[in-house]
Amino acid sequence: MYDFQDQIGFPILTVMTFLPALAGVLMIAFMRGRPNWYKTTALIATGANFLLTFVILSAFDHYTADRQFVENVPWIKSLGISYHMGVDGISVLMILLTTLLSLLIIPASWNYAKDKKELTFFAAFLFLETGMLGLFCARDLFMFYVFWEVMLIPMYFIIGVWGGPRRIYAAIKFFLFTLGGSLLMLVAIVAIAWLARPNPYATPVFDMDLLQTTLFSWNVQYWAFLAFFVAFAVKVPMWPLHTWLPDAHVEAPMAGSVILAGVLLKVGGYGMLRICLPFFPDVVSTFVPYIMVLSIIAIIYGALLSLVQKDIKKLVAYSSVSHMGFVTAGIFALNVVGIEGGILVMFSHGLLTGALFLMVGFLSERVHTREISAMGGLASPFPIMAGFLLFFTLASLGLPGLSGFVGEFLSLLGLFTYNKAMGAVAALGIILAAAYLLWMFQRVMFTGLRDEKWRKLPDFSPREIVSLAPLGFLAIWAGVYPNTFIDLIHPPVIKLTERLAPYMADGGSTIHNIFASLGGF
Amino acid sequence: MAHDLVAIMPELMLIVTGMVILLVDPLLPTEGRRGLSWLGIFACITASLSTLISSADEFTAFNHGIALDKYSVYFKVLLLGVAIIAMLLSEKHLHLKKRLLGEYYALILFMTVGLIVMAESIDLITFFVGLELMAYCSYLLAGFFRYEERSIEASMKYFITGAFASNFLLFGLAFLYGTTGSTNYQEIGTAIGAGEVPSSVLAIAIIMLLVGFGFKVGSAPFHNWAPDVYQGSPTPAAALLSVGPKIASFAVIIKIFNIMLGSESDTWVPLMIALSIATMLVGATLAIVQRDLKRMLAYSSIAHVGYLLLAVIASGQSARTMGTSAVLFYLAAYAFMNMGAFGVLVFLENRAGSGDSLDEMAGMGRRFPWAAGIMTVFMLSLAGIPPTAGFLAKFYLLASVVDAGYTWLAVVGVFFSLVSAFYYLRVIVYMYMRDAESEIMVTGEKSWDLSLGLGIAVSGVLLLGILPAPVLNAAQNALEKVLGY
Chain C
165 MYDFQDQIGF PILTVMTFLP ALAGVLMIAF MRGRPNWYKT TALIATGANF
215 LLTFVILSAF DHYTADRQFV ENVPWIKSLG ISYHMGVDGI SVLMILLTTL
265 LSLLIIPASW NYAKDKKELT FFAAFLFLET GMLGLFCARD LFMFYVFWEV
315 MLIPMYFIIG VWGGPRRIYA AIKFFLFTLG GSLLMLVAIV AIAWLARPNP
365 YATPVFDMDL LQTTLFSWNV QYWAFLAFFV AFAVKVPMWP LHTWLPDAHV
415 EAPMAGSVIL AGVLLKVGGY GMLRICLPFF PDVVSTFVPY IMVLSIIAII
465 YGALLSLVQK DIKKLVAYSS VSHMGFVTAG IFALNVVGIE GGILVMFSHG
515 LLTGALFLMV GFLSERVHTR EISAMGGLAS PFPIMAGFLL FFTLASLGLP
565 GLSGFVGEFL SLLGLFTYNK AMGAVAALGI ILAAAYLLWM FQRVMFTGLR
615 DEKWRKLPDF SPREIVSLAP LGFLAIWAGV YPNTFIDLIH PPVIKLTERL
665 APYMADGGST IHNIFASLGG F
Chain D
20 MAHDLVAIMP ELMLIVTGMV ILLVDPLLPT EGRRGLSWLG IFACITASLS
70 TLISSADEFT AFNHGIALDK YSVYFKVLLL GVAIIAMLLS EKHLHLKKRL
120 LGEYYALILF MTVGLIVMAE SIDLITFFVG LELMAYCSYL LAGFFRYEER
170 SIEASMKYFI TGAFASNFLL FGLAFLYGTT GSTNYQEIGT AIGAGEVPSS
220 VLAIAIIMLL VGFGFKVGSA PFHNWAPDVY QGSPTPAAAL LSVGPKIASF
270 AVIIKIFNIM LGSESDTWVP LMIALSIATM LVGATLAIVQ RDLKRMLAYS
320 SIAHVGYLLL AVIASGQSAR TMGTSAVLFY LAAYAFMNMG AFGVLVFLEN
370 RAGSGDSLDE MAGMGRRFPW AAGIMTVFML SLAGIPPTAG FLAKFYLLAS
420 VVDAGYTWLA VVGVFFSLVS AFYYLRVIVY MYMRDAESEI MVTGEKSWDL
470 SLGLGIAVSG VLLLGILPAP VLNAAQNALE KVLGY
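Top to bottom, those sequences are chains C and D. All residue numbers for the first sequence refer to our numbering, where the first residue is 165 and numbers rise by one. All residue numbers for the second sequence refer to our numbering, where the first residue is 20 and numbers rise by one.
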């Protein structure tokens, strides 16, 4: 039972997961009233985690779909629950996103929470990082659920304590929506864990590696798929379960929005890849048409709503709904290209929307409004900021050469293979994205300065540039040379499609065709 | 004879200590009475140690009146722990209210004896004697602040509904005795299994028992007394009243419905399903409109009774022990989190003179960071969020329900637990996200007893959530051999 594989001398995943929480506890216990101490501690902890990500990346074997850095220790023996951690390429990509964003928000909100329980503000983000990393590392379904819920609590506090005027409404709505979905998931977890037992006297099975080779009866798969899917769809969020998202984003503090959009939405897509597809391969194709329609509605609906938003933060929030539609559409196209596209959209959306929310935060810290119509002509007092905003706007609308393009292109390619008409409609989403993002940029940055006193305000400080530059750098990298990231996720995606292929109507022939015709990445 | 006395050693310790407290109490000045709670706590610790030491022997005593098996050991230790926490929570509160009297602790000790006798009984008469001992002590505890109208109201209401419930129970038990000629669970069970009891009589008996126990545990539609009683009772007593009787009643419910009426599960399971859904509905929805935290906790405890009934239903599936061990584990988790939540209210009443209303919770996060922090843990645990005891208990309970084939009931259960999450979250909202309307005046002094009690409760909640294996194993092993005869 005790099992440690490919270790690099120490249980790196455990260290990584619990380091931020430990730092948070130390901060609360010993550093009350010493702002520089606790802020530095937060910076060191998240920075160390970011460096640990590179330790993982350097020791990571790109040619296998197996879990690596596995740690497996029995936890609750009589229920078959173990402390089981391990990562594959998809997890590593998500971990990279998590540690990067968790690090960047610390300098970005260095002065954000002054006089507002600043210590607990930073501690909450550290606890949140523990929850997110634990989720991406968990290989035990029980642990997966525990971390899934643990993530909720800090985010609930972040929105509810440090948010805007309607923060309490937004925090409770966020919590109850997610909890509603995840309680259904809990019933499904219990059901499949107990059904997967080889005999009625055996302990339940929570090992995700074992569960994804188990085949449940059609009926069980059907209901369990639905329960898990609803839980993940709330998080993604898919239309029509998205209504918590605009409220949460508008009310959340800047750093909260960054993590919410950058990582918390991704756990939905991650869950679909990890659980919905490999656990219930039989029924996936039954649901695909509905999921596709919902994804396309999300793409178009999110884009249309972004067009009419007056609040710049709400605009970015609705654009997330639209972009995440590409994620679900790509994943449920059920071919290699589509799934890889979906994952890359998740990664790129994490970078770009994270950056856009930071930009919005920095902007409204200066002009004290988020109304697009109240801004205007800001390019002349803030030229550096305008440059950054233009860059992230272009990347987000899918300019070739930047990360947004690669993911959306692959995901659309996958969608076209599934259904050409649907692909065509979804492609409209990219056009609409160009419309609402450029129009937003134009109204905010050009069209004459509204208020002369803005001229005296400072442009970007080095602190702000430092918190945005890494995101821009990765966006260029992923746009110019996406192979770095595709190589990482390719083996697990192939393994996933191999699991699905026998259950497809056409025997899985479409899964690899298109991939072969592209000559492979 | 000697054998019987050895069997009830823990109970005797409690009774003798209670008597000693009553005797020395009038001789002591008010200040001196503060040590009396530690006398009681010492008795409880000794009693649980003696229970644990002798837990290897399994036998029945008092002519098959009580069973000493792992099942009773589990409940005895749990109930003694509840009594210890209750006494720790009480001392300062009674002192501040100028009602620090020895009989309070004597009543808690006698009540604990009644609870233990209920849990270990395997005979209808023994069970009923235990129940009445427990009940009379609890009526007195509810009315202990006899200068407060609400406390008297609570006591009267509790007494009248309690007496009513006892009569229903007795009526049901009389039917069973009359038709089988025995008062022993196992013998009655055998007779019923052999079809010696006419089904009409059996149906009446089952309904009477369900009504009686429904009153005792506060399940809908027999729950009306609970909010008034918890609100009116002294808060530390309410902590005990909301936990102790439920634990012991469920110990008996499990035995009676599985050992005695196990063969009749087709009759009582549908009734209990209806009872359980009604209870969850009432508990989850009516708590939302409460502005008084003690009333809110009363409705929340009603909702938890609904979940516990789900597991009892699961235990009705023969050859499945999971339902029963889920009840056992859930009761342990519930004891810690519910007593803890009441304990924080005691703390706030002591330190800030608060009147338990939700509005008075505003700003507590800033004024009392530790108390608010642990209240958050208790609320999350009651809502069933990991990594707390409440989550693991809910998880295990749902597993037992799904395993017994009632997946739809599990879905109903999680729906109501989503509804209840709303009002638990609201407490956190008030503590952290709203500012106090006026400066909170800190009155009263610190109490180490209270802090220790809260510390035990919060560590219990976290330990059961993170390292549940020992208690979970105990809850599972308790069912290896439940002595019926």
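Virtual Cβ for every residue (Gly too), placed ideally from N, Cα, C. Bear in mind that the values here come from a model prediction, so they are computed numbers and not experimental data.
For residue j and residue i, believed in contact at Cβ under 8 Å, the rounded distance
| i | j | result |
| --- | --- | --- |
| C/Leu660 | C/Leu437 | 7 Å |
| D/Gly359 | D/Phe387 | So it is not a contact: roughly 15 Å between Cβ atoms. |
| D/Phe355 | D/Ala476 | 5 Å |
| D/Ile292 | D/Ile266 | 22 Å between Cβ atoms; not a contact. |
| C/Ile653 | C/Ile507 | 5 Å |
| C/Lys337 | C/Trp408 | 5 Å |
| D/Gly335 | D/Ser400 | Not quite, the Cβ-Cβ distance comes to about 27 Å (not below 8 Å), so this is no contact. |
| C/Leu207 | C/Val179 | 18 Å between Cβ atoms; not a contact. |
| C/Leu664 | C/Leu441 | 6 Å |
| C/Met668 | C/Leu498 | 7 Å |
| C/Tyr600 | C/Ser470 | 4 Å |
Close Cβ partners of residue i (< 6 Å) along its chain, the five nearest in sequence each way excluded
| i | result |
| --- | --- |
| C/Phe490 | Val509, Glu572 and Ser575 |
| C/Leu566 | Ala559, Ala639 and Gly643 |
| D/Ser69 | Met28 and Pro29 |
| D/Met460 | none |
| C/Ala288 | Pro318, Phe321 and Ile322 |
| C/Leu682 | For C/Leu682, the pLDDT reaches just 48, beneath the cut-off of 50, and the residue's location in the model is therefore unreliable, although a value from the coordinates is still provided. Same-chain partners within the cutoff: there are none. |
| C/Val414 | Lys477 and Lys478 |
| D/Phe187 | Met227, Val230 and Gly231 |
Exposed unless 16 or more other CB atoms sit within 10 angstroms - verdict on residue i
| i | result |
| --- | --- |
| D/Asp23 | exposed |
| D/Glu139 | buried |
| C/Thr342 | buried |
| D/Trp389 | exposed |
| C/Gly684 | Residue placement at C/Gly684 cannot be trusted, given a pLDDT of 43 that sits under 50; the coordinates are not used to answer. |
| D/Tyr425 | buried |
| C/Tyr454 | exposed |
| C/Leu249 | With the sequence shown as reference, residue 249 of chain C is identified as Met, and Leu is not the correct amino acid for it. Buried. |
| C/Ala680 | For C/Ala680, the pLDDT reaches just 46, beneath the cut-off of 50, and the residue's location in the model is therefore unreliable, although a value from the coordinates is still provided. By the neighbour-count rule (16 or more Cβ atoms within 10 Å), C/Ala680 is not buried but exposed. |
| C/Arg303 | buried |
| D/His323 | buried |
| C/Pro445 | buried |
| D/Gly263 | buried |
Same chain, Cβ closer than 7 Å to residue i, five either side skipped, listed in chain order
| i | result |
| --- | --- |
| C/Gly466 | Tyr482, Ser483, Val485, Ser486 and Gly489 |
| D/Ile529 | Since the first and last residues shown for chain D are 20 and 504, residue 529 of chain D lies out of range. |
| D/Val132 | Glu30, Leu33, Ile34 and Leu152 |
| C/Leu243 | Thr367 and Pro368 |
| D/Pro246 | Arg314, Ala317 and Tyr318 |
8 Å CB neighbourhood of residue i in its chain, flanking five on each side removed
| i | result |
| --- | --- |
| C/Met165 | The pLDDT assigned to C/Met165 is 41, lower than 50, so where the model puts this residue is not dependable; a value taken from the coordinates is nonetheless given after this. Result list for C/Met165: Asn236, Val237, Pro238 and Ser246, in chain order. |
| C/Ser544 | Leu613 and Arg619 |
| C/Leu602 | Thr557 and Leu561 |
| D/Glu110 | Arg53, Ser56, Leu119, Ser466, Asp468 and Leu469 |
Sufficient close CB pairs (3 or more, under 8 Å) joining the region 617-635 of chain C to the region 538-558 of chain C: yes
3-residue-minimum beta strand (DSSP E) runs that sit fully inside the region 218-281 of chain C, ordered along the chain: 232-240 and 245-251
Three-pair Cβ contact test at 8 Å for the region 101-109 of chain D versus the region 136-152 of chain D: no
The region 187-201 of chain C contacting the region 220-237 of chain C, beta-carbon criterion three pairs below 8 Å: no
Cβ pair count under 8 Å reaching 3, the region 341-355 of chain D against the region 368-378 of chain D: no
At least 3 beta-carbon pairs within less than 8 Å: the region 265-283 of chain D vs the region 396-416 of chain D: no
Cβ pair count under 8 Å reaching 3, the region 426-441 of chain C against the region 257-269 of chain C: yes
Start-end ranges of the alpha helix (DSSP H) lying completely within the region 255-294 of chain D, minimum 4 residues: 263-274
At least three beta-carbon pairs within less than 8 Å, the region 189-200 of chain D to the region 221-230 of chain D: yes
Inter-stretch contact at 8 Å, needing at least 3 Cβ pairs: the region 378-391 of chain C / the region 298-312 of chain C: no
Three or more C-beta pairs below 8 Å linking the region 449-463 of chain C and the region 471-479 of chain C: no
Alpha helix (DSSP H) segments (min. 4 residues) lying fully within the region 475-547 of chain C: 476-495 and 500-531
The region 172-188 of chain D / the region 237-256 of chain D touching (three or more Cβ pairs under 8 Å): yes
Secondary structure, alpha helix (DSSP H): runs of 4+ residues fully inside the region 187-257 of chain D: 204-212, 218-236 and 244-251
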